[in-house]
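Protein chains: 2
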Amino acid sequence: MKVYVWKHSGNSYKLRVLLALIGVEYEEVMVNFRMHEHKSADYRKINPRGQVPAIVDGEMVLWDSAACLVYIARKFGGKQWLPSAPAPMAEVMNWVSLAGNEMLYGLQYARRGLTRGICSAGTVEQMQVNGRIALDVVEARLATQDWLALGHPTIADIACFPYVETAPEGGMPLAPYPRITAWLARCKALPQWPARWQT
Amino acid sequence: MKVYVWKHSGNSYKLRVLLALIGVEYEEVMVNFRMHEHKSADYRKINPRGQVPAIVDGEMVLWDSAACLVYIARKFGGKQWLPSAPAPMAEVMNWVSLAGNEMLYGLQYARRGLTRGICSAGTVEQMQVNGRIALDVVEARLATQDWLALGHPTIADIACFPYVETAPEGGMPLAPYPRITAWLARCKALPQWPARWQT
């Protein structure tokens, strides 16, 4: 299985985490954004959106981070990371979707605006409004649960972790969110939790 | 099962379609956006994001459209709409995620900008760039397949339908996308396909 990533990509880091926690062997392919490899014709045959991550496993091609998480969890992770029964599966998907919506188009894009000056999805202030909705929802959830779904670690936590952790770089400090701060530490304390790529 | 919707919401329409195609009985609760009911304290107890749709089924609460589609498909739809095996499930999720990403933050928000003057996620032109990525990916896919995933109708098609159909209202005419135009017609020809709410 080839896993296409970029070392600065939070969406790529989600896959790195899940693969490490489960202990899956795979071939990592670094797609160099600085060299614009993600927009090359060859890479677009794998991922027509021109983004990372992507997975190629035999004839199967996946080009969305949530779909990749679902695939890894279901193929290698037994029932722990994403159960197949309707209610628990949907409970996990609530958070996986939040990660691709208010977290990406809020926490992450505010950060990209502040650190790289790219504001292609609204002003930094507009993205911070979105991002704080996500942080508020997570903080409220953690008032009664240690993990986002099902009472144990799932891909809900892994999908949300990367851009929540870097929220302060988007001008949203986590000091007002003590439960989130504790949850980030719990995640990182899981056995085999991997660091981000060295940059 | 209570399903919270708003008649102008494309994300709500996704649930209306899937529930009708499968033939599920449910209680529809209209959340009046014009009266700001989606931002009320009572409704936020159900959906802390302050959006539609949401589902309450016994003790289970879902507040994301993709999670709601997953729940309905898995609980009532057998294997057709979302299989549980890793590869086909992930193939469907590629498109469900695209619907919540480039389609919502592209096709739909460009439309909202043009029709209601709300540009909270970038300029209309920026959103159209995003939207055209989605349309190009769908058009390319339909060159070899009649349906977005697995060779038959799934929640991939249902998740993508609403905002693709209304793309022209966002300044992205569908005339350059003949395969999309044919696919929209195929979707609407499915038995029990429901119209949008009368407005």
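Chains as they are written, first to last, in this note's numbering: chain G, 7 to 205; chain A, 7 to 205. For every residue, glycine included, the Cβ atom is placed at its ideal position computed from N, Cα and C.
The beta carbon of residue 7 of chain A sits no closer than 8 Å to any beta carbon of chain G. The beta carbon of residue 117 of chain G sits closer than 7 Å to those of 172, 175 and 176, all from its chain and outside the five residues before and after it, given in chain order. In the assembly as shown, residue 196 of chain G is an exposed residue. Its beta-carbon has fewer than 16 other beta-carbons within 10 Å.
Every alpha helix (DSSP H) stretch that sits fully inside the segment 30-67 of chain G and reaches 4 residues is listed by chain position as 47-52. Residues 8, 9, 10 and 11 of the same chain have their beta carbon placed closer than 8 Å to that of residue 35 of chain G, with the five preceding and five following residues left out of the count.
Around residue 101 of chain A, the same chain offers 154, 155, 162, 165 and 166 as residues with beta carbons nearer than 7 Å, after the five sequence neighbours per side are excluded.
For the segment 159-191 of chain G, the beta-carbon criterion of a distance under 7 Å to any beta-carbon of chain A is satisfied by none of its residues.
At least one C-beta of chain A is nearer than 8 Å to the C-beta of residue 143 of chain G. Within a 10 Å sphere around the beta-carbon of residue 200 of chain G sit fewer than 16 other beta-carbons, which makes this residue exposed. The alpha-carbon separation between residue 95 of chain A and residue 76 of chain G amounts to approximately 8 Å. Scanning its chain for C-beta atoms nearer than 7 Å, with the 5 sequence neighbours on each side dropped, one finds around residue 80 of chain A the residues 88, in chain order.
The contact set of residue 126 of chain A on chain G, defined by CB atoms closer than 7 Å, consists of 128 and 132 in chain order. Across the structure, residue 17 of chain A and residue 55 of chain G are spaced so that their CA atoms are roughly 22 Å apart. Non-local beta-carbon contacts of residue 120 of chain G in its own chain, meaning distances under 8 Å to residues more than five positions away in sequence, involve 130, 175, 176 and 177 in chain order. Under the Cβ distance rule, residue 66 of chain G counts among the residues neighbouring chain A, one pair being separated by less than 8 Å. No Cβ of chain G is located within less than 8 Å of the beta carbon of residue 21 of chain A. Distance from the CA atom of residue 73 of chain A to the CA atom of residue 204 of chain G, rounded to whole angstroms, is 34 Å.
Contacts with chain A at 8 Å (Cβ-Cβ) do not include residue 32 of chain G. Look at residue 13 of chain A: its C-beta is not under 8 Å from any C-beta on chain G.
Out of G:52, G:45, G:69 and G:98, the CA that lies nearest to the CA of residue 159 of chain G is found in G:98. Under the 10 Å beta carbon count, residue 40 of chain A is surrounded by fewer than 16 other beta carbons and is classified as exposed. Residues of the segment 69-87 of chain G whose Cβ lies closer than 9 Å to any Cβ of chain A, in chain order: 69, 70, 71, 72, 73, 74, 75, 76, 77, 78, 79, 80, 81 and 82.
In this structure, DSSP gives residue 194 of chain A a helical state, which the three-state scheme calls helix. Taking the CA atoms as reference points, residue 106 of chain G sits about 16 Å from residue 68 of chain A.
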